[in-house]
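Student: Take the sequence shown: its letter number 252 is residue 1040 in my numbering, and every next letter is one higher. Glycine is no exception: its CB is placed at the ideal position from the N, C-alpha and C atoms. A quick note: this is a predicted structure, and the numbers were derived from the prediction, not measured. Take a look at this one; I'll ask things after.
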Amino acid sequence: MQIDIVTLFPGLFETFSATGVLGRAVDKGLLEITTHDLRRWSGNRWGQVDDEPYGGGAGMVIRVAPTVEAVEDLLEERSIPPRVVMMTPRGRLLDQQLAQELANEPGLMILCGRYEGFDERVVELLHPDEISIGDYVLGGGEVAAMVVVEAVSRLLPGVVGDPESVEADSFTGGLLDYPCFTRPERYEGRQVPGVLLSGHHGKIRRWRLQQSVELTVTRRPDLVKKNWVRYPGEVRSLVRRYAPELARSCENDE
Ligand code: 6GU
């Protein structure tokens, strides 16, 4: 997958795209991350791309012309048209389903805003998918774009070494992860749960699923509501056992 990132701070992505699972995906040619400095399209000697908001008020606004010209120029360079995405706190909330949708695209072109955001005509002219990573305010879209890149990349075939770990996420999809343990067996009097040392794979799988369901119903009942229709029968039964009221409300919504 080709990912183009349009930003005022391309340097932020250098270490990020060269490190760990992402760096390996880039080396293997599964992923190409190209950053583009928006100042290239400023149209002035100082590389200034922002200006004061009409109507007054705090902050600066990224001008429409540099942004639209950047995207149009970059789209011309791409033989397969990518999905154009704008990082903004008013966008659709990123979740695993949206990450999967984006991973199915041939390419992405991600626009990162700073200051008060983009001139609204960028949205009117380019119709980007507006995406937010959560209900809090960041100083700019760059870190949010990194979150998108990381969530999407690990869904691309071959990027995660052990595909079972991606598949496990999707089987227990919509559940929080079960607790993990590694050596030593005992630390400051705290023992690893006996079932994990039993070698009994059926019992281990069942224990982990129970732990996942218990954690999810207590900490994130909203996740249970959202994912109920995708849960297999075994998960639904466990939800009924640990949170009968929640299970009933999910069944009523069906
Ligand atoms: Cl995508 N951008 C900014 N600036 N703040 C955010 C965000 C994005 N998502 C959550 N907060």
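Counting only the same chain and skipping the five closest in sequence on each side, list residues whose C-beta sits under 8 Å from that of P1009.
Tutor: Counted from its first residue, the sequence shown places residue 1009 at position 221. So the list reads A1031, L1034, once near-sequence residues are dropped.
Student: Could you tell me if W834 is buried or exposed, where buried requires 16 or more neighbouring beta carbons within 10 angstroms of its beta carbon?
Tutor: Within the sequence shown, residue 834 is the residue found at index 46, counting from 1. Exposed.
Student: Closest to L984 by CA distance: which of G977, E976, W995 is it?
Tutor: Taking the first residue of the sequence shown as position 1, residue 984 is located at position 196. Residue W995 is the option with its Cα nearest to L984.
Student: Which ranges does the beta strand (DSSP E) cover as unbroken runs of at least 3 residues, wholly within the segment 812-862, from first to last along the chain?
Tutor: Taking only runs of at least 3 residues, the beta strand (DSSP E) segments lying wholly in the segment 812-862 are 820-825.
Student: Could you tell me which residues DSSP puts in a beta bridge with Q747?
Tutor: Past the boundaries of the shown model lies residue 747; the chain is included only from 789 to 1042, so the question cannot be answered.
Student: Output needed for V814: all residues of its chain with C-beta closer than 8 Å, excluding positions within five of it in sequence on either side, in chain order.
Tutor: Reading the sequence shown from its first residue, position 26 is the one you call residue 814. Taken in chain order, the residues that qualify are S805, A806, E820, I821.
Student: With DSSP as the reference, please indicate the residues paired to Q979 in a beta bridge.
Tutor: Against the sequence shown, residue 979 aligns to sequence position 191. Answer is R974, bridged to Q979.
Student: Assign G927 to one of three DSSP states: helix, strand, or coil.
Tutor: Residue numbering aside, residue 927 sits at position 139 when the sequence shown is read from its first letter. Coil, per DSSP.
Student: Determine the DSSP secondary structure at E1033, reduced to helix, strand or coil.
Tutor: The residue labelled residue 1033 in the question sits at position 245 within the sequence shown. Of the three classes helix, strand and coil, the one that applies to E1033 here is helix, per DSSP.
Student: Let me check one thing: in DSSP terms, what residues is D917 bridge-paired to?
Tutor: On the sequence shown, residue 917 is found 129 positions in, with the first residue counted as 1. Its beta-bridge partners are V873.
Student: Would you say L863 and I919 are within 9 Å of each other, going by their C-beta atoms?
Tutor: Position 75 of the sequence shown, counted from the start, is the residue given in the question as residue 863. Position 131 of the sequence shown, counted from the start, is the residue given in the question as residue 919. No, they are not a contact pair.
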